[in-house]
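*Asks:* Position one of the sequence shown corresponds to residue 2 (my numbering), numbered consecutively onward. Pasting a structure here, questions to come.
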Amino acid sequence: MIDARPIGQILVARGHCSDEQVRSALLTQGDKGGLLGELLVQQGSTTKLQVLESLGAQFGLSVQPKVDEEAIDVSLVGPLSISYAREAEVLPIRNDNGVLTVAISNPLAVGALDDLRVLFGGVRIDPILVTQDVLNAAINYSFDRRARADQVVDDMEKGDSGVADIALELEDASKDILDEDDEAPIIRLVNSVLNQAAKERVSDIHIEPMEKHVIVRFRKDGVLKEVVKTSKKFQPSITSRVKIMGGLNIAEKRLPQDGRIRIKVAGRDIDLRLSTIPTAHGERIVMRLLDKTSTTLDLKVLGMRDEVRLAIDQIVHRPNGIFLCTGPTGSGKTTTLYSALMTINKPDINILTIEDPVEYQLEGIGQMQVNPKIEFTFARGLRATLRQDPDVVLVGEIRDLETAEIAVQAALTGHLVLSTVHTNDAASTFTRMIDMGVEPFLLSSSICGILAQRLIRTLCKDCRLPHVPTGLEIEQLGMDKGDPRLKTATFYRAKGCPQCSMSGYAGRSGLHELLIPTEEIKRLVVSRADAGAIKKAAVAQGMQTLLTDGAIKCMLGKTTVEEVMRIANADEAE
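Okay, here's the thing in C-alpha cells:
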C-alpha cells in the first residue's frame, strides 16, 4: 500500500521526529537545498533506516536493513561494471523464476531498473530499498568476489574461451583496473590476480607454468601460497598479456626479460617489477608489488628497538662515512635506507641515489637508475655522482671491487655513503669487503655502522594464544632458563582466524643487528680477523644479535619462537 503523504509527515506520524524538527529541516532545505530525509539525519532528528522505511511506505517498496552477502548471486553482476552499479545505485541480488530481486538506495532509480529489465531479457523486477552504505558494501563485496582469480578461472573453464581473445593494446596506466569492463576472459583473469594481490597486500606474484596447468601463487609475509590453478591452454595468452603490460617483447620467449608495470587498484598507485625467464614448460613470471600509498618511510615503524633507531639517526647525521645495510633479498634493506634518508632530507642537503631499479620516488632527492645495456653501472654512476657536489649518496648495492673502492674514497673525502651488501650478518660484511679486494685499513677508517636485518611475521592480535615456552625453545633463543626477564614475559603461539586468513600472523616486522665499529673491532679488521672473532668482540661490547632481537620480540608477544628460528641463523645460538 502506497502512502501518498510527504516524507516529513510520514516520519512524524511514525514517531521518528517532531513537527518542529521537520520545519527546521525545511528551513535549511530552502536555504541550502538538499533532500529532506538527509537533512533530518544530519541534524540528528532521525536515522537513515527510519528515513528509508518511510520512503518505502511512500513508494510501496519493501525495505531491508541489510543485505545477506551469502544470498547474493555474484554471477548476476557479470554484465555490469562496478562504476555503473555505483552511479546507478542498483545491484541485482538473485534471479528466481524470472523475478530479478534488485537492491536500490534511490526509489526514483526507474531508468536503471528499466535497463536491468532489458539486460536480463524482460524479467520482472522486484526492487528492495536499502541504505546507501549497505548498498555500497554489497556492491563492493559482489564485484570483489566476482573479480577473484578463482571465480574468473571457473567462468573461463565453463565457457569455451579461446586464447585469441586477448586485447593486445596497452591501456592507460591511470585507469583503475576495478573500473575496467573488458569482457576478454584473459584480461579479466590478469586484472583479477592483480586486484586480489593488491587487496591482500602481497609482496610477489608468481605465475608458474607446469606440464598440464598454470599455477598462480602469492608471497605474503614471506610465505608462498597457491591462489589459483588454470588450464594449460590459457598459458600463452596470460604470458602475452602480462608481457604487454610490462612493455616486453612477446615474440622473444628464449631469453629472460625485465620490465615494469604501473597500475591503479581501488585508487592506489602500484608499481610492479616484472621478470620473466624461460623454463621447460614455458615462461615463468614473477611480479614484485611496490605499493607507494601503503609504504611509510619512517624508522619508527620498522620494528627497531629505540637504541638501534637512535644510533642509526646519529650515523646518518654524520658528515662522512659509510653506512651499510645487509641481509637477503626482500629483507627490507632498501626501505630502511630510504627511511634513513628521509630523516635528513632537507633543502640544505644534496642527496643523490644510484639504484637498480628506482623503487620509490622521493621528493627532493635526485635518483638515477643503472642500465648495464649501455654500461651505466653502479661504479660509473657513483663516479659521476661525486662530480655533482653531493652531501649524501645512496648506492643501491656494492657488488664489486670498483664500486666498493669508489664508495670508500667518497667516504674518506667528506661524503656520507649509504649502501647494501649481501652477507649473513653484520660482522661478515668486513670479511666480504676484504674478499672483494678492499684494503682492511680503508674499511676500518670509513665504515661507521653496519645494520643486518631480517623480516619476521608478527602475530595476529585477534587470535594469538598464550604459550609457555619449553626448555628447548628457551635454549634455541640463546637464553638461560634463569633469565629474570622470563618471569615477566608473556610468550604467544599462532592459532589462525578469518582476520589473518587462518595463518595466525598479520604483517611483518624487522629483526635488527647493529654493529658500530669500536677501536678494538677496527684493530681486528686491520689484522684480517675472521667474522666470528669480530662478532664475538661486538657482542662483548653490547651488540644485540638478530637472534637476541628475536628473543626480545618473542617476550614482548610480537612473534613466535618458531618464526624467529625460521628466520635467524642457526649458528647464532652457539
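All C-beta atoms, glycine included, are put in the ideal place defined by N, C-alpha and C.
Whole angstroms are fine: how far does the CA of histidine 207 sit from the CA of methionine 288?
*Replies:* Sequence index remark: in the sequence shown, residue 288 carries index 287 (1-based). Sequence index remark: in the sequence shown, residue 207 carries index 206 (1-based). Each residue's alpha carbon lies about 7 Å from the other.
*Asks:* Can you have a look at proline 320 and say buried or exposed, based on whether 16 or more other CB atoms are within 10 angstroms of its CB?
*Replies:* Here residue 320 refers to the residue found at position 319 of the sequence shown. It counts as exposed.
*Asks:* Alpha carbon to alpha carbon, what distance is there between alanine 385 and isoleucine 140?
*Replies:* Your numbering for residue 140 matches position 139 in the sequence shown. Your numbering for residue 385 matches position 384 in the sequence shown. Rounded to the nearest angstrom, the two C-alpha atoms are 54 Å apart.
*Asks:* Quick one: Cα of leucine 557 to Cα of serine 446, how far?
*Replies:* Taking the first residue of the sequence shown as 1, we reach residue 557 at position 556. Taking the first residue of the sequence shown as 1, we reach residue 446 at position 445. Distance between the alpha carbons of leucine 557 and serine 446 is about 37 Å.
*Asks:* Which residue from Leu195, Leu190 and Thr240 puts its Cα closest to that of proline 210?
*Replies:* To locate residue 210, count along the sequence shown from 1; it is residue 209. Residue Thr240 is the option with its Cα nearest to proline 210.
*Asks:* Give me the DSSP bridge partner(s) of proline 441.
*Replies:* The count along the sequence shown starts at 1 and reaches residue 441 at position 440. According to DSSP, which records beta bridges pairwise, proline 441 is partnered with nothing at all.
*Asks:* Label aspartate 481 either buried or exposed according to how many other C-beta atoms from any shown protein chain fall within 10 Å of its C-beta, with 16 as the threshold for buried.
*Replies:* Looking up residue 481 in the sequence shown gives position 480. Exposed, by the Cβ-count rule.
*Asks:* Let me check understanding here. Comparing Cα to Cα, which of Arg220, Lys213 and Glu212 lies closest to glutamine 197?
*Replies:* Here residue 197 refers to the residue found at position 196 of the sequence shown. Out of Arg220, Lys213 and Glu212, Arg220 has the C-alpha closest to the C-alpha of glutamine 197.
*Asks:* Is it right to say aspartate 173 is buried, meaning 16 or more other beta carbons lie within 10 angstroms of its own, or is it exposed?
*Replies:* In the sequence shown, residue 173 corresponds to position 172, counting from 1. With a pLDDT of only 49 at aspartate 173, under 50, the local geometry of the prediction cannot be trusted, and the value read off the model is given with reservation. With fewer than 16 other Cβ atoms within 10 Å, it is exposed.
*Asks:* Use the C-beta contact count for serine 55: other C-beta atoms within 10 angstroms, 16 or more gives buried, fewer gives exposed.
*Replies:* Mapped onto the sequence shown, residue 55 falls at position 54. Burial call: buried.
*Asks:* Which class does leucine 62 belong to by DSSP, given the choice of helix, strand or coil?
*Replies:* Position 61 of the sequence shown, counting from 1, holds the residue named residue 62. Correct three-state label for leucine 62: coil.
*Asks:* Going straight from the alpha carbon of threonine 277 to that of arginine 529, what length do you get?
*Replies:* Within the sequence shown, residue 277 is the residue found at index 276, counting from 1. Within the sequence shown, residue 529 is the residue found at index 528, counting from 1. So the alpha carbons of these two residues sit roughly 41 Å apart.
*Asks:* Determine the closest residue to valine 1 out of Gln30, Gln51 and Gln500, with distance taken between C-alpha atoms.
*Replies:* With the chain represented from 2 up to 575, any question about residue 1 goes unanswered, as that position is not in the structure.
*Asks:* Arginine 567 lies in the alpha helix (DSSP H); which residues open and close that run?
*Replies:* Locating residue 567 in the sequence shown gives position 566, counting from the first residue. Start and end: 562 to 568.
*Asks:* Does glutamine 477 pass the burial test, meaning 16 or more other C-beta atoms within 10 Å, or should it be called exposed?
*Replies:* Counted from its first residue, the sequence shown places residue 477 at position 476. The residue is buried, with at least 16 neighbouring Cβ atoms inside 10 Å.
*Asks:* Hey, how far is the Cα of glutamine 500 from the Cα of leucine 460?
*Replies:* Against the sequence shown, residue 500 aligns to sequence position 499. Against the sequence shown, residue 460 aligns to sequence position 459. About 12 Å.
*Asks:* Among Asp116, Glu227, Gly322 and Lys213, which one has its Cα closest to the Cα of histidine 416?
*Replies:* Position 415 of the sequence shown, counted from the start, is the residue given in the question as residue 416. Per the Cα distances, Gly322.
*Asks:* Can you list the beta strand (DSSP E) stretches of 3 or more residues lying completely in the segment 99 to 149, in chain order?
*Replies:* Within the segment 99 to 149, the complete beta strand (DSSP E) runs of at least 3 residues are 100 to 105 and 125 to 130.
*Asks:* Nearest CA to the CA of proline 391: which residue from Arg433, Lys347, Ile216 and Arg509?
*Replies:* The sequence position of residue 391 within the sequence shown is 390, counting from 1. Checking every option, the nearest Cα to that of proline 391 belongs to Lys347.
*Asks:* Just to confirm, is the Cβ distance from glycine 397 to isoleucine 355 under 8 Å?
*Replies:* The sequence position of residue 397 within the sequence shown is 396, counting from 1. The sequence position of residue 355 within the sequence shown is 354, counting from 1. Cβ distance < 8 Å, so glycine 397 and isoleucine 355 count as in contact.
*Asks:* Please report the straight-line C-alpha distance between histidine 423 and glutamine 368, rounded to a whole angstrom.
*Replies:* In the sequence shown, residue 423 corresponds to position 422, counting from 1. In the sequence shown, residue 368 corresponds to position 367, counting from 1. Rounded to whole angstroms, histidine 423 to glutamine 368 spans 22 Å at the Cα level.
*Asks:* Quick one: grab the DSSP three-state call for threonine 519.
*Replies:* As a first step, residue 519 is located in the sequence shown; it is residue number 518 there, counting from the start. Coil, per DSSP.
*Asks:* Could you compute how far the alpha carbon of alanine 113 sits from the alpha carbon of arginine 15?
*Replies:* Residue mapping note: residue 113 aligns to position 112 of the sequence shown, counting from 1. Residue mapping note: residue 15 aligns to position 14 of the sequence shown, counting from 1. Rounded to the nearest angstrom, the two C-alpha atoms are 30 Å apart.
*Asks:* I need the DSSP call for proline 186, collapsed to helix, strand or coil.
*Replies:* As a first step, residue 186 is located in the sequence shown; it is residue number 185 there, counting from the start. Helix, per DSSP.
*Asks:* Which first and last residues belong to the beta strand (DSSP E) in which lysine 230 is found?
*Replies:* Walking along the sequence shown from the start, residue 230 turns up at place 229. 224 to 232 is the extent of the beta strand (DSSP E) around lysine 230.
*Asks:* Which one or two residues does DSSP pair with methionine 369 in a beta bridge?
*Replies:* Locating residue 369 in the sequence shown gives position 368, counting from the first residue. Beta-bridge pairing links methionine 369 to Ile355.
*Asks:* For alanine 165, which three-state DSSP category applies?
*Replies:* Position 164 of the sequence shown, counting from 1, holds the residue named residue 165. With a pLDDT of only 39 at alanine 165, under the threshold of 50, the placement of this residue in the model should not be trusted; the figure read from the coordinates follows. DSSP places alanine 165 in coil when its eight states are reduced to three.
*Asks:* Quick check on DSSP: helix, strand or coil for glutamate 209?
*Replies:* Taking the sequence shown and counting its residues from 1, the one referred to as residue 209 is at position 208. In this structure, glutamate 209 counts as strand in the three-state DSSP scheme.
*Asks:* Which value, in whole angstroms, describes the spacing of the CA atoms of lysine 226 and valine 409?
*Replies:* Indexing the sequence shown from 1 puts residue 226 at position 225. Indexing the sequence shown from 1 puts residue 409 at position 408. Going by the C-alpha atoms only, they are around 42 Å apart.
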